[in-house]
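*Asks:* First, the structure itself, so that you have it in front of you.
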Ligand code: GLV
Ligand code: MN
Ligand code: MN
Ligand code: MN
């Protein structure tokens with residue numbers, strides 16, 4: 006069969022329409038998980054999926070499954086999907102592209118009157134970003150069994166609001182069980198969020214796996230004291246100690262190439278200009294494609310903390326809150342992506358995902374791979390995140406053909 010292409014204009018129009026929900030002044034989106042804006046995006050997506058002939062189920066952690074029937078409904082679906090939540094300074098594509106390219110696959114199959122033996126299922130996974138509620142990839146993580154449903158429902162945001170309560174409030178605490186989900190194969194399209202495809206001038210990234218991650222919550226306790234009366238040698242300043250820790254995180258990552266280390270969240274108490282900071286809460290995010298290297302980074306972080314406690318007298322509580330090892334994707338699914346890119350005549354290269362993706366957890370229970378497309382200057386988690394209708398069309402067309410290879414026409 007000649008490879009099919011999706012409808013470029015329709016895909017782009019849907020992306021632009023969805024981007025109006027939570028639109029920011031700089032042209033991005035702020036649609037934090039389980040806020041009213043997340044609900045609006047979910048509602049619009051469900052309306053579109055129903056119009057495309059899909060039936061909808063919502064599970065107990067708020068994942069939305071839209072199903073296009075197959076000729077043999079006893080077969081496991083061929084799945085795709087991603088997330089609708091964004092970072093606080095999110096763009097228009099991170100996540101949304103993977104959801105709407107799934108919808109565009111269904112719309113294109115409808116246009117072409119194509120029936121598949123396997124059903125097609127598009128998932129919207131709850132709280133992929135892990136920004137409002139940590140950690141990330143919660144919806145797919147519950148379905149894969151990495152997290153229990155209860156521990157996720159009990160997570161709280163920085164204001165103490167419970168995830169389960171927010172799910173109820175926005176009307177997305179569904180009744181489909183989170184257990185027993187199956188896919189014959191699963192593919193996720195996503196902008197690369199990094200610079201490699203653009204640098205190599207390639208249209209498609211064939212994603213062979215995802216790097217591992219370790220997340221921590223850190224609390225540093227010093228002593229509040231007067232900024233004008235406390236001599237420098239008598240201070241226990243939690244913020245200067247935190248500064249040393251932040252620089253150590255950077256150094257640890259630099260010593261373990263191509264590892265990454267980030268402190269992206271910090272609260273300073275009492276946050277008053279003439280009081281020495283007594284308490285700091287911050288996050289640490291370590292990533293590496295090699296698990297042994299990631300463990301070495303973890304060990305060095307622990308040693309750094311012990312050293313800083315001894316040197317400064319600040320008490321430091323380092324709490325690991327999330328870990329997953331690097332994930333290899335499925336050989337056949339990778340080949341379906343690579344072969345579809347080749348059939349369509351798109352330049353392509355193999356690539357490892359630097360970001361976390363729901364596909365990483367889906368690969369626990371289903372053969373999985375991902376399709377990456379370039380993003381301008383490799384920038385993501387930023388309102389200026391940018392891509393083109395042609396790049397989206399290419400990624401979505403590869404998705405369509407990879408899914409068709411698995412869904413048996
Ligand atoms: C989420 O987008 C992550 O990769 O951290
Ligand atoms: Mn994403
Ligand atoms: Mn993201
Ligand atoms: Mn991500």
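In this note's numbering, the protein residues as written are 6 to 414. Ideal Cβ placement from N, Cα and C applies to all residues, glycine included.
(1) Pull up the distance between the alpha-carbon of residue 262 and that of residue 212, whole angstroms please.
(2) Between which residues of its own chain and residue 270 is the CB-CB distance below 7 Å, once the five residues before and five after are set aside?
(3) Rounded to a whole number of angstroms, what is the C-alpha to C-alpha distance between residue 123 and residue 215?
(4) Would you say residue 86 and residue 104 are within 8 Å of each other, going by their C-beta atoms?
(5) Enumerate in chain order the residues of its own chain whose CB-to-CB distance from residue 202 is below 6 Å, with the five nearest sequence positions on each side excluded.
(6) By DSSP, does residue 77 sit in helix, in strand, or in coil?
(7) Is residue 360 near ligand 1, judged by its Cβ being under 7 Å from some heavy atom?
(8) Can you give me the C-alpha to C-alpha distance between residue 84 and residue 223, rounded to a whole angstrom?
(9) Which residues mark the beginning and the end of the beta strand (DSSP E) in which residue 354 is found?
(10) Go through the stretch 303 to 344 residue by residue and report every complete run of the beta strand (DSSP E) that reaches 3 residues or more, in order.
(11) Which residues in the same chain as residue 321 place their Cβ atom closer than 7 Å to its Cβ, once the five residues preceding and following it in sequence are excluded?
(12) Looking at the unbroken alpha helix (DSSP H) that takes in residue 147, where does it start and where does it end?
(13) Is residue 333 closer than 8 Å to residue 294 when the C-beta atoms are compared?
(14) List the whole-angstrom C-beta distance separating residue 220 from residue 139, where the pair is believed to meet the contact cut-off of C-beta under 8 Å.
(15) What residues in its chain sit with their C-beta under 7 Å from that of residue 307, if we drop five residues either side in the sequence?
(16) Could you check if residue 103 belongs to the surroundings of ligand 3, using beta carbon to heavy atom distance under 7 Å?
(17) I'd like to confirm something about residue 316: is its beta-carbon nearer than 7 Å to some heavy atom of ligand 3, or not?
(18) At a cut-off of 7 Å, is residue 141 close to ligand 1 when judged by its beta-carbon and the heavy atoms of the ligand?
(19) Looking at residue 171 and ligand 1, is the gap between the Cβ and the nearest heavy atom below 7 Å?
(20) Kindly examine ligand 1 and report whether one of its heavy atoms sits closer than 7 Å to the Cβ of residue 453.
(21) Exposed or buried, which one is residue 89 when buried takes at least 16 other CB atoms within 10 Å?
(22) What whole-angstrom Cβ distance do residue 23 and residue 49 have, given they're in contact under 8 Å?
(23) Can you check DSSP and say which residues form a bridge with residue 423?
(24) For the stretch 71 to 142, list the alpha helix (DSSP H) runs that are entirely contained and at least 4 residues long, ordered along the chain.
(25) Considering just the uninterrupted stretch of the beta strand (DSSP E) at residue 205, what are its terminal residues?
(26) Could you work out which residue in 47, 343, 15, 296 is closest to residue 68 when comparing CA atoms only?
(27) Give, in chain order, every unbroken run of the alpha helix (DSSP H) that is at least 4 residues long and sits entirely within the stretch 358 to 408.
(28) Which partner residues does residue 273 have in the DSSP bridge list?
(29) Tell me where the alpha helix (DSSP H) around residue 253 begins and ends.
(30) Would DSSP call residue 278 helix, strand or coil?
(31) How is residue 227 classed by DSSP in three states: helix, strand or coil?
(32) Pull up the CB-CB distance for residue 102 and residue 196, whole angstroms please, since I reckon it's below 8 Å.
(33) Our contact map puts residue 353 next to residue 207 with C-beta atoms below 8 Å; I'd like the distance itself, whole angstroms only.
(34) With a threshold of 16 other CB atoms inside 10 Å of the CB of residue 406, please say whether the residue is buried or exposed.
(35) Tell me which residue opens and which closes the alpha helix (DSSP H) that residue 197 is part of.
(36) Return yes when at least one heavy atom of ligand 2 lies under 7 Å from the C-beta of residue 99, else no.
*Replies:* According to the structure shown:
(1) 20 Å
(2) 287, 288
(3) 27 Å
(4) yes
(5) 210, 379
(6) coil
(7) yes
(8) 37 Å
(9) 353 to 358
(10) 320 to 329
(11) 223, 225, 310, 313, 314
(12) 143 to 149
(13) no
(14) 7 Å
(15) 323
(16) no
(17) no
(18) yes
(19) no
(20) The structure shown does not extend to residue 453, since the chain spans only 6 to 414, so no value can be given for it.
(21) buried
(22) 7 Å
(23) Because the chain spans 6 through 414 in this model, residue 423 falls outside it and cannot be assessed.
(24) 101 to 116
(25) Per DSSP, residue 205 belongs to no beta strand (DSSP E); it is in the alpha helix (DSSP H), 201 to 205.
(26) 47
(27) 363 to 367
(28) 285
(29) 243 to 260
(30) coil
(31) coil
(32) 6 Å
(33) 6 Å
(34) buried
(35) Per DSSP, residue 197 belongs to no alpha helix (DSSP H) and is neither H nor E.
(36) yes
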